[in-house]
Amino acid sequence: MKIDPDRELVEACQATTPTGLEGSFRTLYDQFKDRVYNVCYRITANPSDALDASQETFGIMFRKIRDFRFESKFSSWVYRIAVNASIDHKRRSSTRALTSLEANTDSTRDEVSKYDVRDERIEMPIAAASRHELEAEIQSAIARLSPKMRAITVLRYVENLSYEEISESLQISLGTVKSRLSRAHEALDRELTPVIDKHYLR
Amino acid sequence: MSRSSTHACPDRRDTLVAVAAGEAMRDLALEAHLIACGGCNAFLASVQTQVRALRGLTPLPAPRELHGLVVAATQAGHRQERAVAALRSIGRATMPPEVDHAIWPIGVSAPPVLDDLVNRSLQDPTHSFARRFAGRIERLSAPRDLDARVGKVYEFGAKRRERAARRLAFATAALVLVGITVTATWLVARSGEVTAAEPQFVIERVTSPEAFDPLWRSTLSGLLGGAPDADRIVREKKL
């Protein structure tokens with residue numbers, strides 16, 4: 001059995017009584033915050049929903065960490081919580097998602113700009129605008145996938161998880177990972193082709 | 203819009219996706235198939251482009267607000283855990299017997315009817331339940347307005363009955379009258395049949411009114427407006 005790289009840290013958390021975000025909990029949070037936020041953002045396609053889902057993920061993580069028995073990798077467990085929290089959030093805010101796709105894309109783009117901390121002064125304005133547009137279009141193509149396909153696409157291509165890790169995180173078989181990812185690509189073929197052609201990515 | 207996925211071999215799609223995703227290596231068999239199959243080739247190229255686009259997404263750093271939110275969530279969780287632990291630590295104490303005595307005065311026992319009620323509810327729960335709740339239903343007294351309404355209804359009914367009786371009497375009388383008429387007609391018709399079977403005429407030639415029977419003479423005199431004159435009768439007959 002593979003050794004979990006987070007085992008020591010997790011055991012340290014399990015040994016202490018949490019009194020807040022400090023000590024081992026703080027280290028664990030720093031280690032996972034970007035990964036959790038990225039998964040949540042790519043699944044919810046909305047920064048404020050992503051923030052809520054991330055908060056919920058860490059809340060659950062710290063409440064349940066004592067019950068974690070290392071039957072899977074700790075990161076897989078965290079990803080599972082993040083995926084489920086994001087899908088739940090997305091479902092709850094489905095009324096907001098019923099707004100027009102164009103408005104959604106615009107608002108997503110605006111909010112991405114708001115939360116994106118990279119300094120855009122070092123990039124050429126046209127290139128930055130084009131990159132933003134492309135990312136927003138890819139994001140909306142992902143958002144049009146079903147929640148299950150969205151989760152698998154994000155874990156594979158945004159978080160670079162292997163098929164095995166995805167299988168562990170989503171608690172599905174390897175065969176299901178393969179076929180679901182294949183179906184996701186079939187769907188993305190329809191959604192992404194115009195975007196790819198528009199931005200000369202071929 | 204490209205639909206390369208529809209032309210790819212269904213049994214090769216998962217492998218092609220795995221190759222494009224970097225999860226599997228191209229082997230000789232796949233290479234040979236790709237040379238021969240244009241659909242699979244196009245699908246692989248499309249998936250590879252998609253993978254490049256998806257991997258090109260910029261990783262977003264967690265926003266600063268998240269820290270504050272997680273601290274709040276953790277502290278809330280911690281407070282909740284402490285409250286649960288505190289509640290669990292409270293021991294369960296038994297009630298001292300003095301309290302029991304203070305609450306229930308000595309000598310008060312359950313009334314005997316309770317046994318009966320409990321028995322009944324055990325034997326026939328549905329009936330017992332219905333009785334218990336039916337007994338609790340409030341009994342309402344009839345409103346005063348009801349008397350007036352019932353009086354009106356009664357008065358109206360009496361008038362209607364009176365009218366109906368009158369109509370019935372009239373109908374009976376009419377029926378009786380018709381019956382009598384029909385019977386009488388029938389009787390008259392029947393008697394006529396017997397008497398008027400063979401009418402008999404007697405022709406008498408008379409030459410003077412004195413030859414008439416006195417009864418006939420008076421009848422004739424009544425009919426002609428005076429004493430019959432034999433000459434005139436003869437004269438009128440000749441004319």
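Protein sequences appear in the order of chains A and B. Per the working numbering, residue 1 is the first one in the first sequence, and the count goes up by one each step. Per the working numbering, residue 203 is the first one in the second sequence, and the count goes up by one each step. The C-beta atom is built at its ideal place from N, Cα and C for all residues, glycine as well.
Under 7 Å from the C-beta of residue i: neighbouring residues of chain B
i	result
isoleucine 138(A)	Ala255, Leu256 and Leu259
arginine 156(A)	Ala223
leucine 21(A)	Val272, Val273 and Thr276
asparagine 38(A)	Pro261 and Leu262
leucine 188(A)	Gln252
Beta carbon of residue i nearer than 8 Å to that of residue j
i	j	result
glutamate 135(A)	leucine 259(B)	yes
glutamate 225(B)	tyrosine 163(A)	yes
alanine 264(B)	aspartate 34(A)	yes
arginine 443(B)	serine 182(A)	Absent from the model: residue 443(B). The displayed extent of chain B is 203 to 441, so no value can be given.
glutamine 252(B)	histidine 185(A)	yes
arginine 80(A)	leucine 170(A)	yes
threonine 16(A)	serine 24(A)	yes
glutamate 191(A)	serine 76(A)	no
valine 286(B)	tyrosine 29(A)	no
phenylalanine 414(B)	leucine 426(B)	no
Reference residue i, options the options, closest by Cα
i	options	result
threonine 193(A)	Glu225(B), Cys242(B), Leu218(B) and Ala247(B)	Ala247(B)
glutamate 11(A)	Phe74(A), Ala53(A), Asp34(A) and Leu21(A)	Phe74(A)
glycine 240(B)	Met227(B), Arg254(B), Leu218(B) and Val355(B)	Leu218(B)
leucine 145(A)	Ser130(A), Arg180(A), Ser169(A) and Leu161(A)	Arg180(A)
proline 261(B)	Gln55(A), Phe62(A), Tyr41(A) and Ser140(A)	Tyr41(A)
proline 147(A)	Ser24(A), Arg91(A), Arg190(A) and Ser72(A)	Arg91(A)
leucine 188(A)	Ser72(A), Glu133(A) and Ile152(A)	Ile152(A)
leucine 21(A)	Phe62(A), Ser94(A) and Leu174(A)	Phe62(A)
glutamate 133(A)	Asn46(A), Ser48(A), Lys198(A) and Val83(A)	Lys198(A)
alanine 82(A)	Asn160(A), Asp67(A) and Phe32(A)	Phe32(A)
valine 48(A)	Leu174(A), Ser93(A) and Arg26(A)	Going by the sequence as given, residue 48(A) is serine instead of valine. Per the Cα distances, Ser93(A).
arginine 254(B)	Ala129(A), Asn160(A), Asn46(A) and Ile172(A)	Asn160(A)
cysteine 211(B)	Gly359(B), Phe245(B), Arg228(B) and Trp388(B)	Phe245(B)
Whole-number beta carbon distance between residue j and residue i, since they are thought to touch under 8 Å
i	j	result
valine 36(A)	valine 154(A)	In fact, because the Cβ distance is near 12 Å, the residues do not count as touching under 8 Å.
cysteine 13(A)	isoleucine 65(A)	5 Å
histidine 89(A)	alanine 143(A)	Not really, about 13 Å apart at Cβ, beyond 8 Å.
alanine 50(A)	threonine 44(A)	5 Å
valine 195(A)	alanine 141(A)	6 Å
asparagine 243(B)	leucine 232(B)	So it is not a contact: roughly 11 Å between Cβ atoms.
valine 249(B)	alanine 288(B)	Contact flag wrong, Cβ pair sits at about 57 Å.
serine 72(A)	glutamate 168(A)	5 Å
glutamate 178(A)	alanine 238(B)	Contrary to the premise, residue 178(A) reads as lysine rather than glutamate in this sequence. Not a contact, Cβ separation roughly 23 Å.
Neighbouring residues, chain B, relative to residue i (Cβ below 8 Å)
i	result
isoleucine 196(A)	Thr251, Gln252 and Ala255
serine 162(A)	Glu225
threonine 153(A)	Leu256
Under 9 Å from the C-beta of residue i: neighbouring residues of chain B
i	result
aspartate 34(A)	Pro261, Leu262, Pro263 and Ala264
leucine 192(A)	Ser248, Thr251, Gln252, Ala255 and Leu256
Neighbour list for residue i in chain A, Cβ cutoff strictly below 8 Å
i	result
valine 219(B)	Lys178, Leu181, Ser182 and His185
Under 7 Å by beta carbon: chain A residues contacting residue i
i	result
serine 343(B)	None at all; the shortest Cβ gap to chain A is about 55 Å.
aspartate 229(B)	Here the premise fails: no neighbours, minimum Cβ distance about 16 Å.
aspartate 216(B)	Lys178, Ser179 and Ser182
leucine 348(B)	Neighbours of leucine 348(B) on chain A: none; closest Cβ ~55 Å, over 7 Å.
glutamate 267(B)	Leu51
Amino acids of chain E, ordered along the chain, whose beta-carbon sits closer than 7 Å to that of residue i
i	result
glutamate 135(A)	As a matter of chain content, chain E is missing from the structure shown, whose protein chains are A and B.
Contacts of residue i in chain A (Cβ-Cβ under 9 Å)
i	result
leucine 289(B)	Correct list: empty, because the minimum Cβ distance to chain A is about 17 Å.
Contact test: residue i Cβ vs the ligand SAH heavy atom, cutoff 7 Å
i	result
leucine 230(B)	The model on display carries no ligand, and the ligand SAH is accordingly not part of it.
| message | Tell me which residues of the segment 46–80 of chain A have at least one Cβ-Cβ distance to chain B shorter than 7 Å, keeping chain order. | response | Leu51, Ser54, Gln55, Phe58, Gly59, Phe62 and Arg63
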